[in-house]
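**Q** What follows is a structure written as structure tokens; I'll ask about it next.
In UniProt numbering, the protein residues as written are 1 to 377.
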């Protein structure tokens, strides 16, 4: 074999060895690539599986948190601070180190039960049910926002039981509650035939943080009784101590606020003056409401401290009330506007109290049920 052939054979062998080596390297690279691919795939599959589990657990925890906080109400203590057993008072949570039983809440709701004291007749089952729904509604709201609630049972009150005069008990009950909660700033009187329709709204945000924006100090914008627009020596720059509303018939006292002040105590004494009552109670068809209208018309010091809220801000009516003004939107509840409170005043005169409170109680639950609660429950 010639030297050239040997070189040729050596070149072929060398190329063959190089090719085999390259093939081995290629196979090794492919194996490594496959192995790395499977490692990466298994890693991501494992991590994604863990992530799915984590996300699922996180979703369940978040859902349960919002569902529980939305539906559950923190425990509160029942404080019998009054001298008799005719009221039930709810205050701050006693199991929290941040609250003290001796500290009165800023707002206390006053709710009168058994109006009339059983003088006219015994209540029927529907009336008991209405009372139960109304009380539960106020309890839930008070607990939600940390407000006080005192429930006054008028059936045990003997002072006015000789005749149908429960409206005049407002002054006595307000003075009694001011003694029970001496450090409370504002008291919110609510009649039993009211429902709080928007429980998420706090009194601070809805009323008191913007009180100057939403109140009228005079009757220029709305004066259904045609009272004198001004009174000598009236000072509208004074702070408001009494917040009321007006409806088609005049002043409405189904829902109003009164401040815990010396002025308020003097006003309550004037409002329920025995001599004036004796002279006027047969003339004043609407009892304490007519008395307040008379005081406002004639006493500048009282007019100076009163502010008028829009009726629908705390006292919206259902259809059927103010029937002569059925086309006036200032009076009537509108769920699209999320009116705060509905007052079924006068439902026992030709209307269906039980039907109305059932309708609005169901509507309130519908409006305030979260989407996830509707989805799963």
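Yeah, the Cβ is synthetic: ideal placement off N, Cα and C, and Gly gets one too.
Is the beta carbon of residue 317 sitting closer than 8 Å to the one on residue 247?
**A** Mapped onto the chain shown, residue 317 falls at position 317. Mapped onto the chain shown, residue 247 falls at position 247. In this structure, residue 247 lies closer than 8 Å to residue 317 by Cβ.
**Q** To the nearest angstrom, how far is the alpha carbon of residue 107 from that of residue 339?
**A** Your numbering for residue 107 matches position 107 in the chain shown. Your numbering for residue 339 matches position 339 in the chain shown. About 20 Å.
**Q** Measure the C-alpha to C-alpha separation of residue 254 and residue 320 and round it to an integer number of angstroms.
**A** Along the chain shown, read from residue 1 onward, the residue named residue 254 stands at position 254. Along the chain shown, read from residue 1 onward, the residue named residue 320 stands at position 320. When rounded, the distance between both Cα atoms is 16 Å.
**Q** Please classify residue 232 as buried or exposed, where buried requires at least 16 neighbouring CB atoms within 10 angstroms.
**A** Taking the chain shown and counting its residues from 1, one reaches residue 232 at position 232. That one is exposed.
**Q** Quick one: grab the DSSP three-state call for residue 378.
**A** The structure shown does not extend to residue 378, since the chain spans only 1 to 377, so no value can be given for it.
**Q** Would the stretch 331–346 and the stretch 168–188 be scored as touching if the rule is three or more Cβ pairs under 8 Å?
**A** no
**Q** Run through the stretch 310–340 for me and flag every whole beta strand (DSSP E) of 3 or more residues, listed as ranges in chain order.
**A** 319–322
**Q** Need the endpoints of the beta strand (DSSP E) that residue 112 sits in, please.
**A** Here the question's residue 112 lines up with position 112 in the chain shown. Unbroken beta strand (DSSP E) run through residue 112: 107–113.
**Q** Only counting the same chain, and skipping five residues up and downstream in sequence, which positions put a Cβ closer than 7 Å to that of residue 268?
**A** As a position in the chain shown, residue 268 is number 268, starting the count at 1. Answer for residue 268: 171, 174 and 175, listed in chain order.
**Q** Could you compute how far the alpha carbon of residue 325 sits from the alpha carbon of residue 360?
**A** Within the chain shown, the letter at position 325 stands for residue 325. Within the chain shown, the letter at position 360 stands for residue 360. Computed Cα separation, rounded: 21 Å.
**Q** To the nearest angstrom, how far is it from the Cα of residue 205 to the Cα of residue 194?
**A** Sequence index remark: in the chain shown, residue 205 carries index 205 (1-based). Sequence index remark: in the chain shown, residue 194 carries index 194 (1-based). For residue 205 and residue 194, the distance between alpha carbons rounds to 20 Å.
**Q** Would you check if there are 3 or more beta carbon pairs closer than 8 Å linking the stretch 298–307 to the stretch 222–242?
**A** The stretch 298–307 vs the stretch 222–242: in contact.
**Q** Measure the alpha-carbon distance for residue 294 versus residue 288 and round it to whole angstroms.
**A** As a working note, residue 294 is residue 294 in the chain shown. As a working note, residue 288 is residue 288 in the chain shown. Cα-Cα distance, rounded: 10 Å.
**Q** Any idea what DSSP makes of residue 250, helix, strand or coil?
**A** For the purposes of this step, residue 250 is identified with residue 250 of the chain shown, where counting begins at 1. Three-state result, residue 250: strand.
**Q** So what's residue 216 in DSSP terms, helix, strand or just coil?
**A** One-based indexing of the chain shown puts residue 216 at position 216. Strand.
**Q** I'd like to check one pair, residue 335 with residue 367: are the Cβ atoms closer than 8 Å?
**A** Within the chain shown, numbered from 1, the residue matching residue 367 stands at position 367. Within the chain shown, numbered from 1, the residue matching residue 335 stands at position 335. Contact flag set, yes.
**Q** Should residue 6 be labelled buried (16 or more other beta-carbon atoms within 10 Å of its own) or exposed?
**A** Counting from 1 along the chain shown, the entry for residue 6 is found at position 6. The pLDDT assigned to residue 6 is 49, lower than 50, so where the model puts this residue is not dependable; a value taken from the coordinates is nonetheless given after this. Exposed is the call here.
**Q** Tell me whether residue 193 sits in a helix, a strand or coil according to DSSP, three-state version.
**A** As a first step, residue 193 must be located in the chain shown, where it is residue number 193. Looking at residue 193 - three-state DSSP - the assignment turns out to be coil, as it is neither helix nor strand.
**Q** Alpha carbon to alpha carbon, what distance is there between residue 138 and residue 296?
**A** On the chain shown, position 296 is the one that residue 296 refers to. On the chain shown, position 138 is the one that residue 138 refers to. Approximately 30 Å between the Cα atoms of the pair.
**Q** In this structure, what does DSSP give as the bridge partners for residue 368?
**A** Start at 1 with the first residue of the chain shown, and residue 368 comes out as number 368. Bridge partners of residue 368: none, in fact.
**Q** Name the two residues that bound the continuous alpha helix (DSSP H) containing residue 225.
**A** Within the chain shown, the letter at position 225 stands for residue 225. Counting along the chain, residue 225 sits inside no alpha helix (DSSP H), nor does DSSP assign it H or E at all.
**Q** What does DSSP give as the partner residues of residue 186 in its beta bridges?
**A** As a first step, residue 186 is located in the chain shown; it is residue number 186 there, counting from the start. Answer is 107 and 259, bridged to residue 186.
**Q** Residues in its own chain within less than 7 Å of residue 131 by CB, not counting five upstream and five downstream?
**A** Residue numbering aside, residue 131 sits at position 131 when the chain shown is read from its first letter. Answer for residue 131: 113 and 192, listed in chain order.
**Q** Can the beta-carbon of residue 214 be found closer than 8 Å to that of residue 150?
**A** Along the chain shown, read from residue 1 onward, the residue named residue 214 stands at position 214. Along the chain shown, read from residue 1 onward, the residue named residue 150 stands at position 150. No, the pair does not count as a contact, with Cβ atoms beyond the cut-off.
**Q** If we call anything under 8 Å between Cβ atoms a contact, is residue 148 one with residue 140?
**A** Along the chain shown, read from residue 1 onward, the residue named residue 148 stands at position 148. Along the chain shown, read from residue 1 onward, the residue named residue 140 stands at position 140. No, they are not a contact pair.
**Q** Can you find the residues in the same chain that come closer than 8 Å, C-beta to C-beta, to residue 203, ignoring five residues on each side of it along the sequence?
**A** If you number the chain shown from 1, residue 203 lands on position 203. Only 107, 145, 147, 186 and 188 meet the Cβ criterion.
**Q** If I follow the unbroken beta strand (DSSP E) through residue 152, where does it start and stop?
**A** In the chain shown, residue 152 corresponds to position 152, counting from 1. 148–153 is the extent of the beta strand (DSSP E) around residue 152.
**Q** The beta strand (DSSP E) with residue 207 in it runs from where to where?
**A** Counted from its first residue, the chain shown places residue 207 at position 207. Segment: none, residue 207 is in no beta strand (DSSP E) and carries neither H nor E.
**Q** Helix, strand or coil for residue 54 per DSSP?
**A** The residue you call residue 54 lines up with position 54 of the chain shown. Residue 54 falls in the helix class under three-state DSSP.
**Q** Mapping DSSP to helix, strand and coil, what is residue 307?
**A** Here residue 307 refers to the residue found at position 307 when the chain shown is read from its first residue. If DSSP states are grouped into helix, strand and coil, residue 307 belongs with the strands.
**Q** Where do the ends of the alpha helix (DSSP H) carrying residue 172 lie?
**A** Along the chain shown, read from residue 1 onward, the residue named residue 172 stands at position 172. Per DSSP, residue 172 belongs to the alpha helix (DSSP H) from 169–180.
**Q** Quick one: give me the first and last residue of the alpha helix (DSSP H) that residue 231 is part of.
**A** Here residue 231 refers to the residue found at position 231 when the chain shown is read from its first residue. Counting along the chain, residue 231 falls outside any alpha helix (DSSP H), and DSSP gives it neither H nor E.
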